[in-house]
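Protein chains: 2
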Amino acid sequence: MSRQRAGLGTNQEAVRRHNLGTLLRHVHRAGHISRAELTSMMGLNRSTIAGLVAELESLGVTERALPVGARQGAGRPSAGVALADNGPYVIAVDLGVDRAAVARVGLGGVVQQRTEAPIDGGGGEAWQVGASVAALIRGVVEGAPAAAPLVGIGVSVPGLVRRSDGLIRLAPNLEWHDVSFGSIVLAALGLDIPVSIANDADLGALAEHQRGAGVGIDDLIYVSGNVGVGAGVITGGHRLQGAGGYAGELGHLRFNPQGRPCHCGNLGCWETEVGAHAIAEAIHCPADKVAQLGEVLGGFDKPTRELRATGTALGHGLASIVNAFNPRLVVLGGYFRSLFMLVGAEVNAGLADRALPAPLESVTLALPGLGEDSVLLGAAEIAFEPLFVDPVAALGNALVDVRSRLAG
Amino acid sequence: MSRQRAGLGTNQEAVRRHNLGTLLRHVHRAGHISRAELTSMMGLNRSTIAGLVAELESLGVTERALPVGARQGAGRPSAGVALADNGPYVIAVDLGVDRAAVARVGLGGVVQQRTEAPIDGGGGEAWQVGASVAALIRGVVEGAPAAAPLVGIGVSVPGLVRRSDGLIRLAPNLEWHDVSFGSIVLAALGLDIPVSIANDADLGALAEHQRGAGVGIDDLIYVSGNVGVGAGVITGGHRLQGAGGYAGELGHLRFNPQGRPCHCGNLGCWETEVGAHAIAEAIHCPADKVAQLGEVLGGFDKPTRELRATGTALGHGLASIVNAFNPRLVVLGGYFRSLFMLVGAEVNAGLADRALPAPLESVTLALPGLGEDSVLLGAAEIAFEPLFVDPVAALGNALVDVRSRLAG
DNA sequence: AGTAATTGTTGTTCGGAAGAACGAAAGGCG
DNA sequence: CGCCTTTCGTTCTTCCGAACAACAATTACT
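Spelled out as structure tokens, the structure:
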């Protein structure tokens, strides 16, 4: 779950910090869990768990709950650990091509409040979008209890995000270059809290791994069809980020060097065959509907010949991906969801035809288990992350009574 | 450095185990290191380090050494921690297409003894190869001090290895399917010790990361030209294995669908353009020399036009890889080493032409820092791994006086 | 009702990291 | 050359927190 900083020893405080964070991670994952389960899962003593739970309760994060329902055999029922009302929450932002979604999300991945608004995709300046997003954030923060601490903001962006500082290097469909969106939003809000920014497909992968179609699966890929084609990779239970954070740009895998020109400057990238513009052209979809390609595809009840060919191309590209990453699961998000429901047979056939036998035999293609909210929940996850690394410190940095601060 | 099992808490013994293992890992990496450096790197107290070092000394793993040379400023010089003679060692096996190399490797990656012998690549049955390898192992074990404990055996294989049990699923150039090579070697030796088996490119990546061109670089790829084309990926400092352990099969990325047939059944895999057979054909190298393609290429002093085209194709393929994984370093091993020395300009140009700007700007192509021994040292690394996870337990399982056991 | 099984609670033990005090070994300086 | 400063090893003590033991609480089963 956690990857330690290399080479460090474990000192006394680190033990407590890690155990407290791990316990909270379990509660976050399960929502409602018994102390007995925590004891067996964490491999610690009953009394140790009791101490940790007591600390979380005194921090206002969890509260004692009734025993969790189904039991087997005799014995005293184990007390439940549940998430507190007025517990910590985060703001999740999903920046799409034509709209921004903002939600207040509590522990357990509970969407407490949600709004969205159209944004000016093409020529919209970043500060304008930032102002719109800030307004949406104000809206969802209004509804939060004053006592609840705000841990941070997580933002999903359809583009390349530098992991060292969250700078948006390139978001082709927003036409952004080197935008420090975190600073923009914080300035518009007048707040100073941690902002985590990441690529939309990466966050889709994270969310599907945590609470979607990929629960318990430590090697999965979320392939996102969202005008451009991107992917998020979870390997060994961790996000594959790469040196700069740009890993997963699978839309620009070489696919057909005799193919069409891609906006990246090359010929025949995979995206030129299975990207939104290519599909829109194949089904004679008007250009202004490309951003809603998922809905358009959902309107089909039978695949056309062109769509079947696209499905095969999708499968062929996935074969390269399966060979390279050997995932157990590939989740098809964005408009690929609708496409896969139409031409799943062709996709699977194309994959089976081109992948190596060994990696092929253990892989499954699946639809997202969280529907459209994958990415938003992923944004919430990265915002929560500091809380699981060091609960006490993260709560110390969190903001309480955000509403009045926003007013002032 | 170490990835904990997910969800577990840290109990008392785990702390000591982790600290002892981490300290030993540092000594293994540096070879000779001062206690003061260990104190600052691990973030623990002086007295704690002293206790850990004392335990390692009593285990016979390290011994007290003179202060490490260069110092700055005043103060008492810090005692050195050095590797003990008669310390633990492993057997590393590198199974090539036409020869097997076997070495006795001590902590610090010190090759203490090394042999190799030709093996019957094409039709050689696995048990025959296993017998040859066992004989080589007997040879290098002969030279070991009787008191030194043997921790395990690490084996590198040019093929797909299942990570759950080390089964060799497919080694095309050995013509092996589903071979349990570990059991075969152990049976031939009459011993029972841990055997770790992995793909050659994976181990090359590991070794270059640990002590080669990629020291300190947590995101790198080792691309191996070794008849077939494979790759090992280190991401976030850890091996990218995938669900079954087959990740990194980049030789079968789709490259040119109008291209030549590949032995995997598809058309135009990258391997059909930059694989050994393709290159051999391009330079009119006789078929029986393909296994020595590296040496053959080393004989060129000027690239031919065909080789320059191959270099460009290599660069184009690497562009897809750089887009997908965003490494900071790509190490070109096997015959790619010789090829890169000849046509490095074309490779770099091909890469720069096709990769996305963001991942491109931070990536470097490099030659292996360990030459031909990358893979062998990687095999030693995986054999040592249990020692760093739990030194006391691993030494408890290790064999002492192996020579007499082999005789009996 | 009685027993076995499981868990919460409380007080104690114990392992090991941290900290303080002191001596040892170097460099720098007059 | 002696003294001071700096840094480190050594030893002893402290302290944190996980483990453990004993007992009470709560269920299922007979």
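Residue numbers (my numbering), protein chains in the order written: chain A, 1 to 408; chain B, 1001 to 1408. All residues carry an ideal CB built from backbone N, CA and C; glycine is no exception. If you're wondering where the values come from, they're calculated on a predicted model, not measured in any experiment.
C-beta atoms of residue i and residue j nearer than 7 angstroms
i, j, result
"A1278/B", "T1272/B", "yes"
"V155/A", "A379/A", "yes"
"G350/A", "G315/A", "yes"
"A446/A", "V151/A", "There is no way to answer for residue 446/A, as the model of chain A reaches only from 1 to 408."
"N1326/B", "Y89/A", "no"
"H26/A", "L38/A", "yes"
"G1228/B", "G1251/B", "yes"
"V1223/B", "A1213/B", "no"
"A65/A", "A82/A", "yes"
"A276/A", "L293/A", "yes"
"A6/A", "G1237/B", "yes"
Beta-bridge pairing of residue i - partner residues as DSSP gives them
i, result
"I1234/B", "L1220/B and R1239/B"
"T62/A", "L83/A"
"Q1012/B", "Q1012/B pairs with nothing; no bridge assigned."
"H1032/B", "A1082/B"
"G143/A", "G143/A pairs with nothing; no bridge assigned."
"I279/A", "According to DSSP, which records beta bridges pairwise, I279/A is partnered with nothing at all."
"Y1089/B", "G1106/B and L1150/B"
"I197/A", "V155/A"
"T1312/B", "Beta-bridge pairing links T1312/B to no other residue."
"R411/A", "This structure cannot speak to residue 411/A, because chain A is shown only from 1 to 408."
Listed by chain order, chain B residues near residue i by CB distance under 7 angstroms
i, result
"Y44/A", "Residue identity differs from the one stated: residue 44/A is Leu in this sequence, not Tyr. Neighbours of L44/A on chain B, chain order: G1009 and N1011."
"L356/A", "E1249, H1252 and C1264"
"V15/A", "T1010 and V1015"
"T115/A", "By Cβ distance, chain B contributes nothing, its closest Cβ being about 31 angstroms from T115/A, past 7 angstroms."
Cutoff 6 angstroms; reference residue i; Cβ partners in own chain excluding five residues on either side
i, result
"S1002/B", "Confidence at S1002/B is low in this model, with a pLDDT of 49, below 50, so its placement is unreliable and the value that follows should be read with caution. Around S1002/B: no qualifying Cβ."
"N1086/B", "P1145, A1147 and A1148"
"L356/A", "N323"
"A1092/B", "A1103, V1105, G1154, L1376, A1379 and A1380"
"I1168/B", "V1157, G1159, V1161, W1176, V1179 and F1181"
"V1129/B", "I1119"
"C1285/B", "V1296"
"T235/A", "D219"
"R163/A", "Q241 and G245"
Within chain A, the residues that residue i reaches when beta carbons sit closer than 8 angstroms
i, result
"H1018/B", "G9 and T10"
"Q1292/B", "By Cβ distance, chain A contributes nothing, its closest Cβ being about 27 angstroms from Q1292/B, past 8 angstroms."
Sequence-distant residues of the same chain with beta carbon closer than 7 angstroms to residue i, five excluded per side
i, result
"A1187/B", "none"
"L1297/B", "Y1335, S1338, L1339 and L1342"
"A394/A", "V151, P386 and L387"
"E346/A", "R308, G311, T312 and G315"
"N1173/B", "V1097, G1121, P1158, V1227 and G1228"
Within chain B, the residues that residue i reaches when beta carbons sit closer than 9 angstroms
i, result
"Q258/A", "N1256, P1257 and Q1258"
"H26/A", "G1007"
Residues near residue i by beta carbon distance below 8 angstroms, same chain, minus five either side
i, result
"P194/A", "V151, G152, I153, A383, P386 and N397"
"R1211/B", "R1029, G1109, G1369, L1370 and L1377"
"R1019/B", "According to the sequence shown, residue 1019/B is Asn rather than Arg. Counting only Cβ-Cβ distances below 8 angstroms, and skipping sequence neighbours, we find M1042, L1044, T1048 and L1052."
"T1364/B", "R1328, L1329 and V1330"
Under 8 angstroms by beta carbon: chain B residues contacting residue i
i, result
"T62/A", "Those do not exist, as T62/A stays about 16 angstroms from chain B at its closest Cβ, beyond 8 angstroms."
"T304/A", "Within 8 angstroms Cβ-Cβ: nothing; T304/A doesn't reach chain B, min ~22 angstroms."
Chain-ordered neighbours of residue i on chain A, where CB pairs are closer than 7 angstroms
i, result
"T1310/B", "Correct list: empty, because the minimum Cβ distance to chain A is about 15 angstroms."
Contact residues within the region 241-254 of chain A, judged by C-beta distance below 9 angstroms to chain B: Q241, G242, A243, G244, G245, Y246, A247, G248, E249, L250, G251, H252, L253 and R254
Members of the region 316-344 of chain A that neighbour chain B once the beta carbon cut-off is set at 7 angstroms: H316, S320, N323, A324, F325, N326, P327 and R328
Near-chain A residues of the region 1151-1170 of chain B (beta-carbon distance less than 7 angstroms), N- to C-terminal order: L1160, R1169 and L1170
Within 9 angstroms of chain A by C-beta, residues of the region 1358-1377 of chain B in sequence order: A1358, P1359, E1361, S1362 and V1363
Positions along the region 1216-1240 of chain B whose CB lies within less than 9 angstroms of some CB in chain A: I1217, D1218, D1219, L1220, A1231, V1233, T1235, G1236, G1237, H1238, R1239 and L1240
Chain-ordered residues of the region 92-103 of chain A with a beta carbon less than 9 angstroms from chain B: none
Contact set between the region 270-294 of chain A and chain B, restricted to residues whose Cβ is under 9 angstroms from the partner: W270
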